[in-house]
Amino acid sequence: MLNQNPVWRYFLVLGMLLLALVYALPNLYPEDPALNISATRGGTVAEQTREQLEQSFSAAGIAAKSVVLENGQLLARFNSTEDQLQAREIASQQLGANYITALNLAPATPDWLAAIGASPMKLGLDLRGGVHFLMAVDMKAALDKNLNDMVQTFRADLREDKIRYRSIQADTASGQVQVLLRSAEDVVATEAALKKRDRELVFSPGSDDLTLLVSISEIRLKEIREYALEQNITIIRNRVNEIGVAEPLVQRQGADRIVVQLPGVQDTATAKEILGATASLEFRLVDEEGDLAAALEGRVPLNAELYYTRDGRPVLLEKRIMLTGEHITGANSAFDEYSRPQVSIKLDAKGGNMLSAATRDAIGRRMASVFIEYKPGTELGPDGNPVLIKQQEVINDATIQARLGRDFRITGIDSPGEAQNLATLLRAGALIAPIQIIEERTIGPSLGKENIELGTTAIFWGMICVLVFMVIYYKAFGLVANLALVANLVLIVGVMSMIPGATLTLPGMAGIVLTVGMAVDANVLIFERIREELADGRSVQQAIHHGYDRAFATIADSNITTLLVALILFGIGTGPVKGFAVTLAIGILTSIFTAVVGTRLLVNLFWGGRRVQSLPI
Amino acid sequence: MRIFSFSQPLNFMRLKWPAIVLSTLLILGSLFSFATKGINWGLDFTGGTVIEVGFAQPANLPAVRQTLTDAGYGDAVVQLFGTSRDVLIRIPLRTDVDQSALGDSVIKALNAAETEPVTMRRIEFVGPSVGEELKEDGGLAMLVALIGILLYVTMRFEWRLSVGAVMALFHDVTLTMGLFSVLQLEFDLTVLAAILALIGYSINDTIVVFDRIRESFRKLRDTSVDDTINDAITSTLNRTVITSLTTVLVLVVLFYMGGALIHGFATALLFGIAIGTYSSIYVASAIAEILGISREDMLPPPPVEKEGENTDALL
Chain A
1 MLNQNPVWRY FLVLGMLLLA LVYALPNLYP EDPALNISAT RGGTVAEQTR EQLEQSFSAA
61 GIAAKSVVLE NGQLLARFNS TEDQLQAREI ASQQLGANYI TALNLAPATP DWLAAIGASP
121 MKLGLDLRGG VHFLMAVDMK AALDKNLNDM VQTFRADLRE DKIRYRSIQA DTASGQVQVL
181 LRSAEDVVAT EAALKKRDRE LVFSPGSDDL TLLVSISEIR LKEIREYALE QNITIIRNRV
241 NEIGVAEPLV QRQGADRIVV QLPGVQDTAT AKEILGATAS LEFRLVDEEG DLAAALEGRV
301 PLNAELYYTR DGRPVLLEKR IMLTGEHITG ANSAFDEYSR PQVSIKLDAK GGNMLSAATR
361 DAIGRRMASV FIEYKPGTEL GPDGNPVLIK QQEVINDATI QARLGRDFRI TGIDSPGEAQ
421 NLATLLRAGA LIAPIQIIEE RTIGPSLGKE NIELGTTAIF WGMICVLVFM VIYYKAFGLV
481 ANLALVANLV LIVGVMSMIP GATLTLPGMA GIVLTVGMAV DANVLIFERI REELADGRSV
541 QQAIHHGYDR AFATIADSNI TTLLVALILF GIGTGPVKGF AVTLAIGILT SIFTAVVGTR
601 LLVNLFWGGR RVQSLPI
Chain B
1 MRIFSFSQPL NFMRLKWPAI VLSTLLILGS LFSFATKGIN WGLDFTGGTV IEVGFAQPAN
61 LPAVRQTLTD AGYGDAVVQL FGTSRDVLIR IPLRTDVDQS ALGDSVIKAL NAAETEPVTM
121 RRIEFVGPSV GEELKEDGGL AMLVALIGIL LYVTMRFEWR LSVGAVMALF HDVTLTMGLF
181 SVLQLEFDLT VLAAILALIG YSINDTIVVF DRIRESFRKL RDTSVDDTIN DAITSTLNRT
241 VITSLTTVLV LVVLFYMGGA LIHGFATALL FGIAIGTYSS IYVASAIAEI LGISREDMLP
301 PPPVEKEGEN TDALL
């Protein structure tokens, strides 16, 4: 018999819809204003701290919905934004600089939904409010610095090999070093001497016989660029954590760009200040003769300064700085020959000479690395922004085993993780390729909220218009199409909530509205076909069967091309437009499913395989 | 209920030459407008800074302009945005100040001048390189979309139809951009997205008609090419109009309820869909007809025994 389906097919489709519905549900629960508190440098918040905070909140008359520890972080939910802001004051006063307090909106997903991994859709910055930065790393500066380092190194190398030269100059325009020599023999000797030390150098003859042009290989160039980018990303990640943002995003884009998204941040001036602040690094000798106890009481020796290590241990350091971080060209964590963790450090030629001179008479003494950075304090300055506080800490101190040069290592580190951390900090304190903000988009919280409301209203009324039209035009079949349309909306929201990478944006909401208008197209095609078949005098069952059958090829063809466009849009688009492409693509797929498979089941259920004389179409 | 019910196919192809002349004139007009008036590229493409601020009271635009001039931003364009309390300030790219700090300093200047603090609703800064790249990427995307569609339609149908479809798309895109040029509406990133969505919509429409043309060629053996195309267009006319109608319905809702940020998007699609409906009837089919499409091109390949032909369909 035509137009009948096995029962399992109904259950399958119904099951899929229920699944989508369940995963779409979390979007209906409003979000709680919340505080996200985490310890700096990857530490965890202790249970004791949690209890203290809970007490402080209730002492101040703030009713917290819940204060819980999750993955070493503390999450406190409140009933209102006022409570949330007041609680932040209390928390940041009580916890001090070792904790980061971030305002957040925590999804109030019920436990049973959270247990199955359901969560609301991610909202784009245009709906949530926040800052989006696109930054470009100045690669020219990174390459120029490398070229200048090469000049320094060559000078030292040639001196060492006793080859006399007229001049060595960096030509930043062509990216080459020009070595001007005195004789043709020296040219050959120079090439051999430099090649011996660095196999990746590329030599070419200059304009006359006495000039040698030296450049570095493409692979090395690429390495330098990658390093400059990675270094900046690492530093920005660290800084973003300092700002205290829940769910920040720091991501590489293309060859020399970095995207930074800070949801909820309104104060862009401070955010930029923190992101742009420079960290620096100093190597100093430990003053082991000075009286530490006296220094702690305030009597610091004249030639020394009092510092603290990261775990709070006081150290007296000499005032003289042996070397600053700008001479560091690389720092990597690795293992020594006994597989103990270590950090190997590379310096430029000048830095190597400085360190060599400074450590000649200091073998056996201890050398400390001091990391200096600026972070926002709790006090507010005259312009209403937090004042930046200079923060210095000793990140490592180790005994100097031998006279140090351009390459040296720090050993005796407890764990590979700590070695990695130290290498990161050393790199962060090194001179980095400058970075520039080339795009900024800041959306205020009021606009974000307004955009959500506008989008939702548009979807709602757009939907109503189409539903009413379909019922008037196709009667009972219109109702069937309407059920499919509603199911389609549920599916879109469900799928968007399930896919981790999908983000809802304002153009994305416009895409949903558009999908609602276009999704009925498949049903229109089918229903018009059925009407034609009926007009041609076919029986009711034949008409339904052929109507669906013939319309399907058309539906597939026309939707594949639209899908193609959505994919292209996804490929070139950024942010909001990407969001539009995602919703459009998902909408096309779900609408084919509901409009073809879904309505066919309903039509078969109501009219299929029965003796009906006419169809309400 | 039916919108159209015809016993005889309408003679659409009778008007094909007037339609082609009209379309050509419109395209030439658009191109002329691009050349003379140009396109009012939005911030996304030109670079610069846009600041949207909310005032507690209806905004006093001359006062805002004065404040900005005093603060050294005499070249700022100030206008209302959406409501009388929201003000949009555009500042073109400048080399003398730090662009990325400009937004914050404007807000500061306004706050100093106003008695009640203004709220920052939106600050967007786009550097010159980003805008240029976006123009290139956007153009490239349109090109890739058109080529992709050309290939797909050639594969599924026939090259004459494919050329017709792509000409129709080119027609729709040019005319929509022409409208933005003539009215000097701002062409921003959302409008670009709308135009790409329009390409998707318009090809959808065209393919439905083509599908029917192919079917009619196979069904009507002794009819002229013109009459066959007429038959196909007439029998899909209801569908074409209804789908356009529902889409236009939701777009009107979007235009009036979606907020000022989405106006450009809705405008581009509303106009584009009207044009797209016309072009899938006239431009695409007429060009395929003029290129000399015939019944032989549309006949199915020699019958091959299909596997499972006698079993029930999947649905």
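Chains as they are written, first to last, in full-length UniProt numbering: chain A, 1 to 617; chain B, 1 to 315.
Virtual Cβ for every residue (Gly too), placed ideally from N, Cα, C.
Because the structure is a prediction, the values reported are computed rather than measured.
**Message:** Which residues does DSSP list as the beta-bridge partners of residue 80 of chain B?
**Reply:** B:87
**Item:** chain B contacts made by the region 471-500 of chain A, where a contact means CB separation under 9 Å
**Value:** 472, 473, 474, 475
**Request:** Could you tell me which of A:78, A:32, A:469 sits nearest to residue 244 of chain B, measuring between CA atoms?
**Result:** A:469
**Listed by chain order, chain B residues near residue 137 of chain A by CB distance under 9 Å** = None at all; the shortest Cβ gap to chain B is about 13 Å.
**Item:** Spatial neighbours of residue 482 of chain A in its chain, beta-carbon cut-off 7 Å, leaving aside the 5 residues before and after
**Value:** 467, 470, 471
**Request:** State the Cα-Cα distance for the pair residue 319 of chain A and residue 302 of chain A, rounded to the nearest angstrom.
**Result:** 9 Å
**Item:** Cα-Cα separation, residue 349 of chain A to residue 585 of chain A
**Value:** 55 Å
**Asked** Which ranges does the beta strand (DSSP E) cover as unbroken runs of at least 3 residues, wholly within the region 168-228 of chain A, from first to last along the chain?
**Response** 176-181, 201-205, 211-216
**Asked** In chain B, which residues lie with their C-beta within 8 Å of the C-beta of residue 461 of chain A?
**Response** 253, 257
**Prompt:** Do we get a CB-CB distance below 7 Å when we pair residue 267 of chain B with the residues of chain A?
**Reply:** no
**Item:** Nonlocal neighbours in the same chain, by C-beta distance under 6 Å from residue 463 of chain A, ignoring five residues either side
**Value:** 516
**Request:** For residue 62 of chain A, I'd like the list of residues in its chain whose CB is within less than 8 Å of its CB, leaving aside the five on either flank, ordered along the chain.
**Result:** 78, 83, 86, 87, 90
**residue 220 of chain B versus residue 448 of chain A - alpha carbon distance** = 57 Å
**Prompt:** Based on the DSSP secondary-structure assignment, which residues constitute the bridge partners of residue 73 of chain A?
**Reply:** A:70
**Item:** residue 269 of chain A: contacting residues in chain B (beta-carbon distance under 8 Å)
**Value:** 101, 104
**Prompt:** From what residue to what residue does the alpha helix (DSSP H) around residue 282 of chain B run?
**Reply:** No alpha helix (DSSP H) contains residue 282 of chain B, which DSSP labels as neither H nor E.
**DSSP state of residue 451 of chain A mapped onto helix, strand, coil** = helix
**Asked** Quick one: Cα of residue 33 of chain A to Cα of residue 102 of chain A, how far?
**Response** 11 Å
**Asked** Name the chain B residues that come within less than 7 Å of residue 439 of chain A, Cβ to Cβ?
**Response** 125, 126, 127, 130
**Asked** residue 2 of chain A by DSSP, collapsed to three states: which one?
**Response** coil
**Message:** Against chain A, which members of the region 210-241 of chain B pass a CB distance test of less than 7 Å?
**Reply:** 211, 235, 238, 239
**Prompt:** Which class does residue 384 of chain A belong to by DSSP, given the choice of helix, strand or coil?
**Reply:** In this predicted model, residue 384 of chain A has a pLDDT of only 49, less than 50, meaning its place in the structure is not dependable enough to derive any value.
**Chain-ordered neighbours of residue 137 of chain B on chain A, where CB pairs are closer than 7 Å** = 572
**Asked** Which value, in whole angstroms, describes the spacing of the CA atoms of residue 414 of chain A and residue 395 of chain A?
**Response** 13 Å
**Prompt:** Based on Cα-Cα distance, which residue from A:424, A:336, A:288 lies nearest to residue 365 of chain A?
**Reply:** A:288
**Item:** Cβ-based burial, residue 477 of chain A [other Cβ within 10 Å; buried from 16]
**Value:** buried
**Prompt:** Do you know how far the Cα of residue 280 of chain A is from the Cα of residue 384 of chain A?
**Reply:** Only weak support is given to the placement of residue 384 of chain A: the predicted model assigns it a pLDDT of 49, under 50, and the question is left unresolved by the model.
**Asked** With a CB to CB cut of under 7 Å and the five nearest residues on each side skipped, what residues in its chain are close to residue 412 of chain A?
**Response** 398
**Asked** Tell me which same chain residues have a C-beta within less than 7 Å of the C-beta of residue 203 of chain B, skipping the five on either side of it?
**Response** 149, 165, 169
**Item:** Separation of residue 132 of chain A from residue 267 of chain B, as counted between CA atoms
**Value:** 27 Å
**Request:** Output the distance between the C-alpha atoms of residue 271 of chain A and residue 232 of chain A, rounded to the nearest integer angstrom.
**Result:** 16 Å
**Request:** Note down, in chain order, all residues in the region 177-201 of chain B with a beta-carbon under 8 Å from any beta-carbon belonging to chain A.
**Result:** 189, 190, 192, 193, 196, 197, 199, 200, 201
**Asked** Residues in its own chain within less than 8 Å of residue 496 of chain A by CB, not counting five upstream and five downstream?
**Response** 121, 502, 504, 582, 583, 586
**Request:** Examine chain E for any beta-carbon lying closer than 7 Å to the beta-carbon of residue 31 of chain A, and answer yes or no.
**Result:** No chain E is present in this structure, whose protein chains are A and B.
**Message:** Under 9 Å, CB to CB, which of the residues in the region 138-155 of chain B have a partner in chain A?
**Reply:** 138, 140, 141, 142, 144, 145, 148, 149, 152, 153
**Request:** Mind checking who residue 407 of chain A pairs with in its DSSP beta bridge?
**Result:** A:346
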